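Input: a single structure, listed below in structure tokens.
2 protein chains.
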Amino acid sequence: MVIRDKIFSTITTVFKRHGGVTIDTPVFELRDVLTGKYGEDSKLIYDLADQGGEICSLRYDLTVPFARWLAMNPMIQNIKRYHIAKVYRRDQPAMSKGRMREFYQCDFDIAGVYDPMLPDAEVLRVAKEILDSLNIGKYTIKINHRKILDGLFEVCGVPADKIRPISSAVDKLDKMPWEDVRKEMTEEKGLDPEAADKIGQYVMKKGGKDLLDDLKTMTELTSNASFAAGLADMELLIDYLEVFGVMPVLSFDLSLARGLDYYTGVIYEVVTEASAPPSGKPAKKGPKPKNDDPDADRSNDDSIGVGSIAAGGRYDELVGMFANSAKGRIPCVGISFGVDRIFSITKARMTEAVRGNEVDVYVMAFGGKGFTGLVKERMQVCKTLWDAGIKAEYFFKVKPKLPQQFASAEKNGIPFAVVLGEDELAAGVVKIKEMGLPEGHPEKNGVDVKLDDLVNEVKARLASKGLHEEKHAKAVEEVQLEAKDAA
Amino acid sequence: MVIRDKIFSTITTVFKRHGGVTIDTPVFELRDVLTGKYGEDSKLIYDLADQGGEICSLRYDLTVPFARWLAMNPMIQNIKRYHIAKVYRRDQPAMSKGRMREFYQCDFDIAGVYDPMLPDAEVLRVAKEILDSLNIGKYTIKINHRKILDGLFEVCGVPADKIRPISSAVDKLDKMPWEDVRKEMTEEKGLDPEAADKIGQYVMKKGGKDLLDDLKTMTELTSNASFAAGLADMELLIDYLEVFGVMPVLSFDLSLARGLDYYTGVIYEVVTEASAPPSGKPAKKGPKPKNDDPDADRSNDDSIGVGSIAAGGRYDELVGMFANSAKGRIPCVGISFGVDRIFSITKARMTEAVRGNEVDVYVMAFGGKGFTGLVKERMQVCKTLWDAGIKAEYFFKVKPKLPQQFASAEKNGIPFAVVLGEDELAAGVVKIKEMGLPEGHPEKNGVDVKLDDLVNEVKARLASKGLHEEKHAKAVEEVQLEAKDAA
Chain P
7 MVIRDKIFST ITTVFKRHGG VTIDTPVFEL RDVLTGKYGE DSKLIYDLAD
57 QGGEICSLRY DLTVPFARWL AMNPMIQNIK RYHIAKVYRR DQPAMSKGRM
107 REFYQCDFDI AGVYDPMLPD AEVLRVAKEI LDSLNIGKYT IKINHRKILD
157 GLFEVCGVPA DKIRPISSAV DKLDKMPWED VRKEMTEEKG LDPEAADKIG
207 QYVMKKGGKD LLDDLKTMTE LTSNASFAAG LADMELLIDY LEVFGVMPVL
257 SFDLSLARGL DYYTGVIYEV VTEASAPPSG KPAKKGPKPK NDDPDADRSN
307 DDSIGVGSIA AGGRYDELVG MFANSAKGRI PCVGISFGVD RIFSITKARM
357 TEAVRGNEVD VYVMAFGGKG FTGLVKERMQ VCKTLWDAGI KAEYFFKVKP
407 KLPQQFASAE KNGIPFAVVL GEDELAAGVV KIKEMGLPEG HPEKNGVDVK
457 LDDLVNEVKA RLASKGLHEE KHAKAVEEVQ LEAKDAA
Chain D
7 MVIRDKIFST ITTVFKRHGG VTIDTPVFEL RDVLTGKYGE DSKLIYDLAD
57 QGGEICSLRY DLTVPFARWL AMNPMIQNIK RYHIAKVYRR DQPAMSKGRM
107 REFYQCDFDI AGVYDPMLPD AEVLRVAKEI LDSLNIGKYT IKINHRKILD
157 GLFEVCGVPA DKIRPISSAV DKLDKMPWED VRKEMTEEKG LDPEAADKIG
207 QYVMKKGGKD LLDDLKTMTE LTSNASFAAG LADMELLIDY LEVFGVMPVL
257 SFDLSLARGL DYYTGVIYEV VTEASAPPSG KPAKKGPKPK NDDPDADRSN
307 DDSIGVGSIA AGGRYDELVG MFANSAKGRI PCVGISFGVD RIFSITKARM
357 TEAVRGNEVD VYVMAFGGKG FTGLVKERMQ VCKTLWDAGI KAEYFFKVKP
407 KLPQQFASAE KNGIPFAVVL GEDELAAGVV KIKEMGLPEG HPEKNGVDVK
457 LDDLVNEVKA RLASKGLHEE KHAKAVEEVQ LEAKDAA
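Heads up: the sequence lines are chains P and D, in that order. Just add 6 to the spot in the first sequence (first one is 1) and you have the working numbering. Just add 6 to the spot in the second sequence (first one is 1) and you have the working numbering.
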């Protein structure tokens, strides 16, 4: 949870940097609100039992609840909103890959009627800032456009009612070979094999701005209105993303389709090298291109894995589906980060142990024969430290043994002990002992300080270790999670 | 959500100060796990539809899931755990009082075999630190002991099988008059009226250490083993709470019973003056006692309202109910804060408006005839600010009008504008303008700065307003939420 907290705070910082405000929508939605929004995945929605009252389901994502909320609040015509919360899917969990029935999503969305591609560019810039701040290694933002896909399918002769299922088959190209996808399209979904082959000729294409220039020359495609509109969007977006410095991590990928029904424009998905490359497909040997190398061709880097850690796109019709008036038809674009997958990657990349808790001072006591345990005195010293904002604890026994107390402090990696003795206390003195000092260190056995000076002495020692009262946690996490690029 | 975030961070800071670590348990529990743990409130549990697989319900609180988790992880024999998450109840919502079907709880629990009352005292100290840090006004921690209550009921002649229902009736004494409670006990729950009257004679008692001394003289009660054990616990606890400075906010209240079945020892509940005093019962006139006045008699202050904002107690048997072996029978004590109620109180006490977002700089452009809108230039300046960790935004139009841009900045109370003009940009200059300066102020029309110096100039201005890049949020919140005691 220490790592997860750090991921949340990194993401939240970027969301706020871009003017995001948070809105909390309920975990329940009326079942009708969720129906028909998730394509083939609708079977994964959790329903609540009918115990009287409304028929509800658990939210499947944060996007549909946000759209429903916007439609219900027509005085809000534009907003940059973020939301960090759990969503629920009746899936087979695969813990090691961070796929669970209940998991966190961190969403950022821009709603409002604006000039084309400006909010879309900002969402992708937000993605890059977040991904650069997390310790996840090399990543790629794959991008495509629903209108490009729809146009392409039209040109290839896919009937209108088959466009969504065929799109969903194409989306599996990152997980299975073309032959299997083709089989799904022709055998399962009844597509004309000729149309399938034509699709295959296009959807393997990926690249950067070069692909854009390439596609502009293909008149068969550009003469299709939908394709042309999508391509114009993409050209403008790439223009803006160059300003925002996002292009080096982008791959324009015609096979990216995204299964959800509600996308209408740009779609994207973030994959990382660390997110489990398909087994049986060896990682490329030799030096790997770096994120910050704009000349590196990332589009064909087959070391890039399958699991996406973030995804999103433009959904201009979804809010309108819940709205009563034209005023409620607000176009939106957004992205959703899967914290559990990011967590799996981050954890696997961590080199240092995470401390058990964040306590800085363990207050203990010792004494000879007739030792009372000094429990109230230990409590009093803790109170003094807590009052000063210092994280402290003591052993919950009236008469604990000294080794017990040290063991408890060591278990959690607590850096300092304050040791109380009866004679010392009578003289107004306690001992501060830094844990884990080597034999022979001048302070190995601790230093006596006046009880009245204890808070200042502890603060000075925490500061000299780069720790500060109540900032310790952050400091530790930042050191632990410092990005160490494996390349 | 800005206020709610601040409440979360205040609470988390205190939890960590006492060595708390967080654990995230799932929102689903097997239905059997929740059955029989919540007394009369069990009817409020939400069930999931049976869609195949396990029969699940949504968590009703965070305590039972924690106990189940502890039992399933027998290598963990002690832990100070906190958890901030939502729980679910099929209740009639009363939004204005912060009672909802879905709401946040913030729980802190200490699990482990320890010397009596040491963890209990620490939990109450944690409560006091949190309550003192929140802007909620005067509050009281009401405290009682299950064994004291059970003993008292025995002495009054309540049959063993009626102790829980009678206890639950007594618990309503803060919401209804004694006559109604007596009626519930005798008419609804079939208690002998003589026993009811005897109970009435005791449960109206409340006080501080004086009540403890008073009870110790009542041999009718102290000769009961359960009562005596409870009273000994309470004496020790009060002794420790004096060391921790908690006594001034404590009220030992024999009518406090808490409905949940799983408590076995000390129980407590926090009420505040601000949490809606019962209507028809006028608030006491004249000066009110202050929290920090140890001599103030708080126990009979009838301005103290009914809604509890935190509650908890000791539950020594709950973990054992889920455990397979004796090793799994871990005693626990904990407290749960109701953030939504705290939020309602805090919001009502706030005197300043909350800003729309946290953005510090709005980047805008203006120009005369043939004005291009400078959209890429605005994007470039935003990128520069974001790269420096400064919160910035711009208007999502290619050619926006200047008043539109100012209106958008003003709407969110953004303190600075950076204004781009074509001629100025050509000379490498932009204008920084502090929003809302009065007429006649020397910088009313802004100051020209070199584009290369922009980041430093903005940072200096933010710092001079007490704002710092990415610390702004915290600063604003702290000012807004600064406790202003109404007394």
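Even glycine gets a Cβ: it sits at the ideal position worked out from N, Cα and C. Keep in mind the model is a prediction, meaning the values are calculated, not measured.
Under 8 Å between C-beta atoms of residue i and residue j
i      : j      : result
R152/D : T228/D : no
I315/P : V365/P : no
V425/P : F372/P : yes
V369/P : Y321/P : no
Y145/P : V272/P : no
V119/P : F233/P : no
V209/P : S261/P : yes
V33/D  : L64/D  : yes
V277/P : K148/P : yes
R74/P  : G26/P  : no
Where residue i meets chain D, residues with beta-carbon distance less than 9 Å
i      : result
V404/P : D121, P122 and L124
E193/P : Neighbours of E193/P on chain D: none; closest Cβ ~28 Å, over 9 Å.
G434/P : The premise fails here: G434/P is roughly 18 Å from chain D at the closest Cβ pair, so nothing lies under 9 Å.
K12/P  : Within chain D, no residue comes near K12/P; the closest Cβ sits about 12 Å away, beyond 9 Å.
A246/P : A small correction: the amino acid at residue 246/P is Tyr; Ala does not occupy that position in the sequence shown. Under the 9 Å cutoff, chain D gives V381, K382 and M385.
G118/P : F402
K407/P : Result: empty, since nearest Cβ-Cβ is about 13 Å, beyond 9 Å.
Under 7 Å from the C-beta of residue i: neighbouring residues of chain P
i      : result
Q57/D  : D53 and R96
M441/D : By Cβ distance, chain P contributes nothing, its closest Cβ being about 15 Å from M441/D, past 7 Å.
K92/D  : V33
Buried versus exposed call for residue i [16 or more other C-beta atoms within 10 Å across all chains shown]
i      : result
A332/D : exposed
M191/D : buried
D186/D : exposed
N79/P  : exposed
D220/P : exposed
I244/P : buried
E495/D : In the structure as shown, chain D starts at 7 and stops at 493, and residue 495/D therefore has no counterpart that could be examined.
D259/P : buried
H24/P  : buried
F21/D  : buried
T352/P : buried
N306/D : Any reading at N306/D must be qualified, since the residue scores a pLDDT of 38, below 50, and its modelled position is unreliable; no value is offered.
S15/P  : exposed
V453/P : exposed
A289/D : The pLDDT assigned to A289/D is 39, lower than 50, so where the model puts this residue is not dependable, and the model offers no usable value.
P183/P : exposed
T223/P : exposed
Proximal chain D residues relative to residue i, where beta-carbon distance stays under 7 Å
i      : result
G472/P : Neighbours of G472/P on chain D: none; closest Cβ ~18 Å, over 7 Å.
P32/P  : E108
W392/P : R23 and E135
E399/P : H24 and G25
M29/P  : Reading off the sequence shown, one finds Ile at residue 29/P, where the question assumed Met. Those are M7, listed as they occur along chain D.
Residues that residue i contacts on chain D, provided the C-beta gap is smaller than 8 Å
i      : result
E495/P : What the structure shows of chain P is the stretch from 7 to 493, and residue 495/P is not part of that stretch, so it cannot be assessed.
Q386/P : V249
Neighbour list for residue i in chain P, Cβ cutoff strictly below 9 Å
i     : result
M78/D : Result: empty, since nearest Cβ-Cβ is about 15 Å, beyond 9 Å.
Contacts that residue i makes with chain P (C-beta to C-beta distance below 8 Å)
i      : result
K389/D : R131, V249, F250 and G251
Give the residues from the stretch 363-379 of chain P that approach chain D closer than 8 Å (Cβ to any Cβ), ordered along the chain.
So the close ones are N363, E364 and V365.
Quick check: the stretch 192-201 of chain D against the stretch 161-180 of chain D, are there 3 or more CB pairs under 8 Å?
Verdict: yes, contact present.
Would you check if there are 3 or more beta carbon pairs closer than 8 Å linking the stretch 118-135 of chain D to the stretch 344-356 of chain D?
Because the criterion of three Cβ pairs below 8 Å is not met, the stretch 118-135 of chain D and the stretch 344-356 of chain D do not touch.
Touching or not, the stretch 448-461 of chain D and the stretch 386-393 of chain D, by the rule of three or more beta carbon pairs under 8 Å?
Taking 8 Å as the limit for Cβ pairs, the verdict is that the stretch 386-393 of chain D does touch the stretch 448-461 of chain D.
What residues from the stretch 15-27 of chain P come within 8 Å of chain D, judged by C-beta to C-beta, listed N to C?
Among the residues of the stretch 15-27 of chain P, those with a Cβ less than 8 Å away from any Cβ of chain D are T19, K22, R23, H24, G25, G26 and V27, in the order of the chain.
If we count Cβ pairs, one from each stretch, closer than 8 Å, do we get three or more for the stretch 36-49 of chain P versus the stretch 256-268 of chain P?
The stretch 36-49 of chain P is in contact with the stretch 256-268 of chain P.
Listed in chain order, which residues of the stretch 315-333 of chain P have Cβ atoms closer than 7 Å to some Cβ of chain D?
Here the close residues number zero.
Give, in chain order, every residue of the stretch 205-224 of chain D whose Cβ lies closer than 9 Å to some Cβ of chain P.
Hits within the stretch: zero.
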